[in-house]
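Residue numbering for the sequence shown follows the numbering used here, beginning at -1 and increasing consecutively. I have placed the structure first, in the form of structure tokens, so that the comments after it can refer back to it.
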Amino acid sequence: MVDVIGAAGLLGAETDAEMLAVRLAHAQRLGNMGWAEWHLHTGETTWSEQVYAIFGRDPGQGPIALPDLAEHVEPGDAATLDRLLWSVLQGEEQVQAEFRIRRRPGDLRDLRVVLEPLAGPGGPVGMHGVIQDITGRRRAERMVSESRRQLLEAREQAAEERHVMLALREAILPAPAGCLDLPNTGIAVRYVPAEKTANLGGDWFEAAQAADGRLLLAIGDVSGHGLPAIARMAQLRHALVGLAMTGQAANRLLDWLNELVLHQLTDTTATAVIGHLDPETRVFAWAQAGNLAPILVRDGAAAHLGQPRGVLLGAVSGRPYELATTRLLPGDVLLMFTDGLVERRTRDIEAGLALALAAARRIRGEDLDGGLDRLLADIGGPNPEDDACLLGVGILG
């Protein structure tokens, strides 16, 4: 905004001295600062026009005498003013300090004051200096400081929430330590949490040997994020473990889980792949509910298994799930995974699947742990938006 008063003053000045005075007044208004002078022996006090504005004082009242200045200073800053004046009276060349004044109830102003002594034959006879109103600057600094404090608190709270949720997940679904070695079969699992705490979700897995010798292999993803999704994940996984004891086929297990989600886990959907691997025949009998088909790695090539019919758990009742079977061969690797592995906001899911297939070709059953780690790195590491489960099965002989 153009300072019309200052410009008019400059145009109306007739002498160099007048022009200098106008310019000085203009500079003081722009910087919200002024000068002041106090004489100790005479008590004479002189203020520039801007100091009156800073103190919110009518020039007709005259300036505030030095002994009365403390009455206008915020009580908590009185000691600062005392130290400032004492230093000047001791003859220090230039001293400065910041303190607050109260112009009227509720109107505190932050001042920066720079003073130096007026020298006399026997020592200082007064003092003069510059007074600047820095209220706006300090208010902005306090706002920035408060914003930083709130941000730090939010980060610490998010980190604590993440720690709690991951600890809860680990208690419900402990990750196996390394590869599970079974006769002629290796199993390795990776759970990769979302980078964003709020997106930690309900991905789960199960890998266990049933009483009849078959291996129960399953992965799934419950809709939602945070503690509610983790709780629903626990219910679904525990239900599967119990239902699997019936010895029924994978598609029948999905029928039951679908009814559970529909009638017990309201406002919830879930995806899953469930299968049984017979270690003797190496037949993998599996079914899926709205999940991506497993990847089969054979002789250095990787491809998806043909996908049997199966809708999301919790979507609709009475739609049977189809069972598919695949005979695995020595050297084969089977990869089961949730969509968080390949689906990213920044890329198409087909591109993610292509990356996963390319990385899967290099996985060998003898090094499942290393192979899964390399695959995760090749497809871009942790997903910021979603967690993921990856279960690998290697047929060793």
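No residue lacks a Cβ here, since even glycine has one placed at the ideal position from N, Cα and C.
| query | result |
| --- | --- |
| Does the beta-carbon distance from residue 293 to residue 355 come in below 8 Å? | yes |
| Would you tell me roughly how many angstroms separate the C-alpha atoms of residue 6 and residue 137, rounded to the nearest one? | Because residue 6 carries a pLDDT of 47, less than 50, the predicted location of this residue cannot be relied on, and no value is offered for it. |
| Going by alpha carbons, who is nearest to residue 126 out of 134, 114 and 182? | 114 |
| Could you tell me if residue 347 is buried or exposed, where buried requires 16 or more neighbouring beta carbons within 10 angstroms of its beta carbon? | exposed |
| Grouping DSSP H, G and I as helix and E and B as strand, with all else coil, what is residue 13? | coil |
| Helix, strand or coil for residue 331? Go by DSSP, reduced to three states. | strand |
| Any idea what DSSP makes of residue 302, helix, strand or coil? | strand |
| Please state if the CB of residue 331 and the CB of residue 298 are separated by a distance shorter than 8 Å. | no |
| How about residue 367 and residue 206: do their beta carbons lie closer than 8 Å? | no |
| I'd like to know whether the C-beta atoms of residue 97 and residue 71 end up nearer to each other than 8 Å. | yes |
| Are there 16 or more other CB atoms within 10 angstroms of the CB of residue 108, so buried, or fewer, so exposed? | buried |
| Of the choices 61, 301, 295 and 289, whose alpha-carbon is the least far from that of residue 449? | The chain is shown from -1 up to 395; residue 449 falls before or after that span and cannot be answered. |
| Could you give the first and the last residue of the continuous alpha helix (DSSP H) run that contains residue 403? | Residue 403 lies beyond the stretch modelled for the chain, which goes from -1 to 395, so this question has no answer here. |
| Identify which residue in 36, 334, 301 and 275 has its Cα closest to the Cα of residue 326. | 275 |
| At which residues does the beta strand (DSSP E) containing residue 205 begin and terminate? | 199 to 207 |
| To the nearest angstrom, report how far apart residue 92 and residue 86 are at their CA atoms. | 7 Å |
| Starting from residue 309 and walking both ways along the beta strand (DSSP E), at which residues does that stretch end? | Where residue 309 is concerned, there is no enclosing beta strand (DSSP E), given that its DSSP letter is neither H nor E. |
| Quick one: grab the DSSP three-state call for residue 243. | coil |
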